[in-house]
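Just so we're aligned, residue 116 is where the sequence shown starts under our numbering, counting upward by one.
Right, one structure below, let's go through it.
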Amino acid sequence: MKKLAIGIDIGGINTAFGLVDDEGTVYAEYVVSTKKYPRFDDYQPYVEELCGAIKTMLGTVSFDFELTGIGIGAPNANYHTGTIEHPANLWKFTEANAGCDESLRVFHLAADIGRRFPGVEVLMTNDANAATIGEMVYGNARGMKDFVMVTLGTGLGSGFVANGEMIYGHDGFAGEFGHVVVRPGGRKCGCGRRGCLEAYVSATGIKRTAFELMAEMTEPSELRGIAYDDFDSAMVSAAADKGDPVALEAFRVTGEMLGKALADMVVITSPEAVFLFGGLAKAGDKIFEPTKRYMEQNMLSVFKNKVRILPSGIEGKNAAILGAAALIWQHRRA
116 MKKLAIGIDI
126 GGINTAFGLV
136 DDEGTVYAEY
146 VVSTKKYPRF
156 DDYQPYVEEL
166 CGAIKTMLGT
176 VSFDFELTGI
186 GIGAPNANYH
196 TGTIEHPANL
206 WKFTEANAGC
216 DESLRVFHLA
226 ADIGRRFPGV
236 EVLMTNDANA
246 ATIGEMVYGN
256 ARGMKDFVMV
266 TLGTGLGSGF
276 VANGEMIYGH
286 DGFAGEFGHV
296 VVRPGGRKCG
306 CGRRGCLEAY
316 VSATGIKRTA
326 FELMAEMTEP
336 SELRGIAYDD
346 FDSAMVSAAA
356 DKGDPVALEA
366 FRVTGEMLGK
376 ALADMVVITS
386 PEAVFLFGGL
396 AKAGDKIFEP
406 TKRYMEQNML
416 SVFKNKVRIL
426 PSGIEGKNAA
436 ILGAAALIWQ
446 HRRA
């Protein structure tokens, strides 16, 4: 009988999920809204809708199969406990429940879903770790035992693999590379601190860089006529493709920040490769070339020319679902 796993990717806008085999074939996909459940007391209705939609999806499959497990990738997810802890972009306190105990903002999602699917293993980790495991199971990291995944989206996520195992740390939150401070007292980060790598190297970060450069540079640029609220990182990439000087400099600056940070990271984990994943990574050589160049320029000599920077092998519309489902396949192979 065919063995299949469910992969669930929980984002701030939507929750996407699908039924996946161990070769990465997706047999069914569904989406439910996360955004319509924004409040602290909306969590249980969200779980009910999600599980109902999963059961509907399972009913659409026309052949017999064994459901081997459910893997979940979510912000602020803890692999050890199966909880989502203090998710700033998911379920929020309102004035009506602002007096609630803050400890209640720990959502036991793995257990809550597991109760609705008796006998089915449910595992959860943060979205960057899920992408990392997806790369290891389905992507370009197959066969590698030491590598790092850097996800370049709205923020910067990361996952670290050493000796073939994810590094979770004692509390489940290891690997927050986006929150190393690269410029003390620098830009305000979404985490509340200043100077974090994420504030510079992300879709949001390159947008901020482009606007700073437009204030400093005198060269003409097609980006100058775009209002900040209408601006996104894809516009920087499109302009760079046309040779726009501001856009090209924005990618150079971003690659310099990432490359220098990776040079420091390499001395700790000594990875075989670093994979770049996500929207900003789709810019190709515009981000890969300066990142590699500045990493090598700042690398401790013993590590020079040993670490490859590679594109993800699971980039695409099913990547997040594949990454979440890979939690199950990786656990079964361990």
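Just so you know, even glycine gets a beta-carbon here, dropped at the ideal spot from N, CA and C.
Here the structure is a predicted model, which means the values were calculated and not measured.
Contact under 9 angstroms by Cβ, residue i with residue j
i: T266; j: L205; result: no
i: A192; j: M239; result: yes
i: Y253; j: G133; result: no
i: I424; j: L391; result: yes
i: F262; j: V389; result: yes
i: G307; j: F292; result: no
i: G428; j: A256; result: yes
i: A243; j: G186; result: no
Residue nearest to residue i in terms of C-alpha spacing, selected from the options
i: Y158; options: G279, G274, H223; result: H223
i: V162; options: I199, D136, F262, F180; result: I199
i: G320; options: G258, K421, A245, F346; result: F346
i: H285; options: T196, V146, E387; result: T196
i: R447; options: T333, A342, G184; result: G184
i: M332; options: A314, A189, A365; result: A365
i: H201; options: F155, G279, E236; result: F155
i: A376; options: C311, W444, A189, A434; result: C311
i: I383; options: D356, V417, K170; result: V417
i: P405; options: A318, L363, P190; result: L363
i: K170; options: P160, G188, Y145, N433; result: Y145
i: D137; options: F288, L182, S385; result: L182
i: G290; options: N241, P299, Q445; result: N241
Spatial neighbours of residue i in its chain, beta-carbon cut-off 6 angstroms, leaving aside the 5 residues before and after
i: K303; result: R309
i: V147; result: T130, E164, L165, A168
i: V316; result: L271, T369, M372, L373
Own chain residues within Cβ distance below 8 angstroms of residue i, not counting five before or after
i: R408; result: G370, G374
i: C166; result: I228, R231, F232
i: E334; result: P360, V361
i: L338; result: A325, M329, F346, M350, V351, A354, D359, V361, A362
Which residues DSSP lists as bridging residue i, in chain order
i: A131; result: D124, V146
i: S273; result: V265
i: A192; result: I199
i: T240; result: G188
Open item on the list: Three Cβ pairs or more, each shorter than 8 angstroms: is that satisfied between the stretch 426–441 and the stretch 117–125?
Closed with: yes
Open item on the list: Pairs of beta-carbons, one from the stretch 339–359 and one from the stretch 316–329, closer than 8 angstroms: are there three or more?
Closed with: yes
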